[in-house]
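2 protein chains.
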Amino acid sequence: MEIKSFSVPDRILMGPGPSNVHPRVLAAMAKPTIGHLDPAFIDLMDQIKLQLRYTFQTKNEVTFPVSGPGSVGMETCLVNLIEPGNKVAVCVNGVFGGRMREIISRCGGIPVVIDIPWGSAVDPQKFEDAFKENPGIKLSAFVHAETSTGARSDIKTLTEISHKYNCLAVADTVTSLGGIPVKTDEWDIDAVYSGSQKCLSCPPGLSPVSFNQRALDAIKNRKTKVQSWFMDIDLITSYWGSGSKRSYHHTAPINALYGLNEALLLLAEEGLENSWARHKENSDILIDGLKKLGLSTFVKDEDRLPELITVLVPDGIDEAKVRNKLLNDFNIEIGAGLGALAGKIWRIGLMGYTSNRGNINLCLEALSNALK
Amino acid sequence: MEIKSFSVPDRILMGPGPSNVHPRVLAAMAKPTIGHLDPAFIDLMDQIKLQLRYTFQTKNEVTFPVSGPGSVGMETCLVNLIEPGNKVAVCVNGVFGGRMREIISRCGGIPVVIDIPWGSAVDPQKFEDAFKENPGIKLSAFVHAETSTGARSDIKTLTEISHKYNCLAVADTVTSLGGIPVKTDEWDIDAVYSGSQKCLSCPPGLSPVSFNQRALDAIKNRKTKVQSWFMDIDLITSYWGSGSKRSYHHTAPINALYGLNEALLLLAEEGLENSWARHKENSDILIDGLKKLGLSTFVKDEDRLPELITVLVPDGIDEAKVRNKLLNDFNIEIGAGLGALAGKIWRIGLMGYTSNRGNINLCLEALSNALK
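Protein chains in written order, with the working numbering: chain R, 95 to 466; chain S, 95 to 466.
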């Protein structure tokens with residue numbers, strides 16, 4: 095194997111993430127690295143926190159990007175809010191709900207699993223039944239936008255039900271943030287996490303999170319130490335705290351944060367509402383085109399995400415061959431099905447900077463060509 | 095607060111990390127993001143693994159960068175090799191040994207602490223005494239280059255002693271890798287981790303690790319699941335495994351890995367031995383200059399790291415004022431003392447791309463000016 099500088103192919107990223115990254119974000123990431131205790135960097139941290147509050151629609155003081163990919167955001171939320179022996183209601187309607195269940199177990203929690211068919215939204219009635227049948231649930235966990243299926247759940251209602259039973263709620267907004275409304279304060283979600291590489295159109299590697307006061311109080315009242323040192327929210331918030339109260343925890347990924355700041359700025363310039371509208375509009379156009387090609391979507395209309403469209407592979411079609419043709423002949427990446435959906439669906443992402451008419455047209459042309 | 099694109103000051107990074115990043119590495123990070131399952135990205139992963147084996151001087155198959163800063167590498171090594179109730183010998187001669195002790199406890203391990211005065215190397219005799227006094231130690235943990243003090247320990251000897259007592263050894267090489275010899279295979283270290291932002295001269299955010307077969311066997315024979323899903327070495331190695339055996343775990347930080355690949359290539363072009371020699375030579379020049387300014391180093395000659403020189407703050411000098419003058423008038427960042435050493439020392443880094451004559455000259459001039 096010859097070792098050399100990496101020559102990057104020019105891809106259109108229409109898979110389940112990462113999405114294409116705006117040139118301004120790429121340029122920001124190439125700025126010279128500075129120290130993570132530099133006063134200029136501390137200003138940048140403050141600016142990122144402000145911008146994330148807008149993105150999450152929250153006033154939560156504790157709103158910052160975890161220094162790791164979305165999975166670390168997920169584990170950070172769960173590991174801080176679960177103590178050994180806690181009952182945790184977890185909705186599993188795809189891969190990421192399953193991942194939450196696995197992490198809950200590893201935190202010593204007792205998962206109360208609400209199993210939902212893959213491709214459907216979480217059924218609020220089934221969710222509430224779990225509380226009736228299992229008294230003493232401390233925490234609930236669910237995914238807003240299931241990246242493995244393309245289904246959207248009503249996390250406002252799921253949070254309301256959780257609170258009715260005196261239970262805190264954690265929501266996964268990895269694939270929803272920036273693409274569809276995420277109203278952390280209005281919906282009163284206690285802890286929420288996301289990822290940089292979906293509708294925020296940053297490279298992967300950062301996981302924005304936000305905790306409200308109820309969640310922070312629960313963490314403060316823990317009887318046991320958080321099992322992860324790196325993910326301990328008390329320690330991290332000392333680092334991401336304000337001004338002179340900051341104290342060293344780990345070394346933040348400086349250049350990745352340059353990129354996130356710029357991506358959040360781009361989103362603020364467009365405006366969240368406009369971004370949501372763009373994602374919806376482009377999704378409608380794509381689906382229209384898919385129908386004209388004789389393709390059907392996997393998720394029913396009312397549950398379907400605009401930023402991630404799952405498409406049924408027609409009978410007799412070798413799905414991998416189609417994906418390879420798109421990649422090799424058109425430089426378009428689309429995603430395969432995961433787990434039980436492998437071979438059965440494609441996942442077409444229209445997230446963030448990727449979501450534009452030119453990409454949709456090319457993707458439809460490529461699919462038409464590949465399906466011939 | 096006005097939200098805007100981040101305007102980066104032009105700093106010379108002579109603190110304890112990050113170090114200055116080579117323009118080729120910055121340029122690599124600005125290349126377009128591609129998918130983490132793209133065949134081209136899989137080739138890049140293979141290339142990075144190959145390069146890291148050279149950097150760590152190992153043939154270990156399981157050698158890859160953890161998708162998080164050095165602290166995640168530390169926690170990854172410990173969380174996989176410790177089961178609740180295990181006795182773990184941990185050498186504490188600075189902040190990072192102390193961090194290891196804290197993580198060991200959070201993993202359910204029982205730390206057997208070898209306390210060493212800050213600024214000294216770990217005393218092998220004291221280390222061996224701990225084994226004699228505490229039968230049944232399963233794992234030992236120590237820091238090669240203590241970033242908080244500037245002292246180097248003899249991790250070859252510490253590993254030999256560990257093996258004599260049938261105990262695995264984990265070494266922190268965050269500040270040593272690339273700057274002084276780290277010979278993973280020759281020294282037979284079982285698990286080793288580092289950071290991207292020191293002598294590798296990458297931005298922070300990645301933690302290269304390597305596990306030998308003895309460590310992997312111990313992990314395979316665990317009776318309990320690893321408490322962290324994200325850091326579970328079995329799951330991560332499926333992702334970083336070779337060719338068709340790869341399976342999805344998390345989404346790797348694509349652009350950060352472009353940067354690491356380029357940084358490792360720069361190091362290979364220079365050659366490890368030449369890099370070690372450069373770090374030593376430049377350190378000697380700096381120390382000579384410091385002496386001429388009437389300054390003394392904190393660590394005695396035989397234990398002193400060439401890439402991170404700790405300097406005693408002279409009596410009557412306001413150390414923060416000196417650092418601020420260097421930063422504001424010369425754009426030079428040097429580090430303060432941590433913990434018990436706050437106010438007593440400065441930490442001057444000559445790591446990776448930072449380690450050159452021009453920076454040394456300017457730093458000495460700036461210090462001379464600030465101490466007047």
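Cβ atoms here follow ideal geometry from the backbone N, Cα and C, with glycine treated the same way.
Quick one: does residue 323 of chain S have its CB under 9 Å from some CB of chain R?
yes
For a contact meaning CB atoms closer than 8 Å, what does residue 99 of chain R contact in chain S?
118, 122, 355, 356 and 359
Measure the alpha-carbon distance for residue 167 of chain S versus residue 287 of chain S and round it to whole angstroms.
6 Å
Report back the beta-carbon spacing between residue 224 of chain R and residue 262 of chain R to the nearest angstrom; my notes put them in contact at under 8 Å.
Actually they are not in contact, since the Cβ atoms of residue 224 of chain R and residue 262 of chain R sit about 15 Å apart, beyond 8 Å.
Alpha carbon to alpha carbon, how far is residue 455 of chain S from residue 243 of chain S?
23 Å
Residue of R:371, R:449 and R:305 minimising C-alpha distance to residue 143 of chain R
R:305
Check residue 324 of chain S in the structure and name its three-state DSSP category.
coil
Which stretch, first to last residue, makes up the alpha helix (DSSP H) that contains residue 382 of chain S?
366-386
Meets three-Cβ-pair contact criterion under 8 Å: the stretch 130-139 of chain S and the stretch 254-273 of chain S
no
Considering only heavy atoms of the ligand GDP, does any lie closer than 8 Å to the CB of residue 160 of chain R?
No copy of the ligand GDP occurs in the structure displayed, which carries no ligand at all.
Going by the DSSP bridge assignment, what does residue 255 of chain S pair with across the sheet?
None, per the DSSP bridge assignment.
Taking the alpha-carbon of residue 113 of chain R as reference, which of R:269, R:188 and R:196 has the nearest alpha-carbon?
R:269
Which whole-angstrom value is the C-beta distance of residue 345 of chain R and residue 164 of chain S, which I expect to be below 8 Å?
7 Å
Go ahead and label residue 415 of chain S buried or exposed: buried means 16 or more other beta carbons lie within 10 angstroms of its beta carbon, across all protein chains shown.
exposed
Quick one: Cα of residue 115 of chain S to Cα of residue 438 of chain S, how far?
29 Å
Tell me which same chain residues have a C-beta within less than 6 Å of the C-beta of residue 152 of chain S, skipping the five on either side of it?
278, 279 and 304
Provide the residue(s) that pair with residue 287 of chain S in DSSP beta bridges, ordered along the chain.
S:266 and S:303
Output yes if chain S places a C-beta closer than 9 Å to the C-beta of residue 442 of chain R; else output no.
no
At the level of alpha carbons, what is the spacing between residue 289 of chain S and residue 178 of chain S?
27 Å
Could you check the C-alpha separation between residue 335 of chain S and residue 236 of chain R for me, to the nearest Å?
30 Å
Are the C-beta of residue 320 of chain R and some C-beta of chain S separated by less than 9 Å?
yes
Within 9 Å (strictly less), CB to CB, does residue 175 of chain R reach chain S?
no
Roughly how many whole angstroms lie between the Cα atoms of residue 470 of chain R and residue 147 of chain R?
Limits of chain R in this structure are 95 at one end and 466 at the other, which puts residue 470 of chain R out of reach.
At 4 residues or longer, what runs of the alpha helix (DSSP H) sit wholly inside the stretch 394-460 of chain S?
413-424
Using 8 Å as the cut-off, can you tell me whether the stretch 217-234 of chain S makes contact with the stretch 382-389 of chain S, which would need three or more C-beta pairs spanning the two stretches below that distance?
no
Can you give me, in chain order, the residues of the stretch 222-243 of chain S that have a beta carbon less than 9 Å from any beta carbon in chain R?
none
Per-residue contacts from residue 352 of chain S into chain R (C-beta, under 8 Å):
100 and 102
Runs of 3 residues minimum, wholly inside the stretch 129-216 of chain S: which ones carry the beta strand (DSSP E) assignment?
156-160, 181-186 and 204-209
Residues that residue 105 of chain S contacts on chain R, provided the C-beta gap is smaller than 8 Å:
126, 128, 129 and 132
Which same chain residues, not among the five before or five after residue 173 of chain R, have their C-beta less than 7 Å away from its C-beta?
201, 320, 321, 322 and 325
Against residue 200 of chain R, what residues of chain S qualify as contacts under a CB-to-CB distance less than 8 Å, listed in chain order?
319, 320, 321, 322 and 323
Given residue 106 of chain S as reference, the closest of S:457, S:463 and S:461 once Cα atoms are compared
S:457
Residue 471 of chain S to residue 408 of chain S span [Cα, whole Å]
Nothing about residue 471 of chain S can be read from this structure; chain S reaches only from 95 to 466.
Can you look up residue 97 of chain S in the DSSP assignment and give me helix, strand or coil?
coil
Pull up the CB-CB distance for residue 444 of chain S and residue 369 of chain S, whole angstroms please, since I reckon it's below 8 Å.
Not really, about 12 Å apart at Cβ, beyond 8 Å.
Proximal chain S residues relative to residue 164 of chain R, where beta-carbon distance stays under 8 Å:
344 and 345
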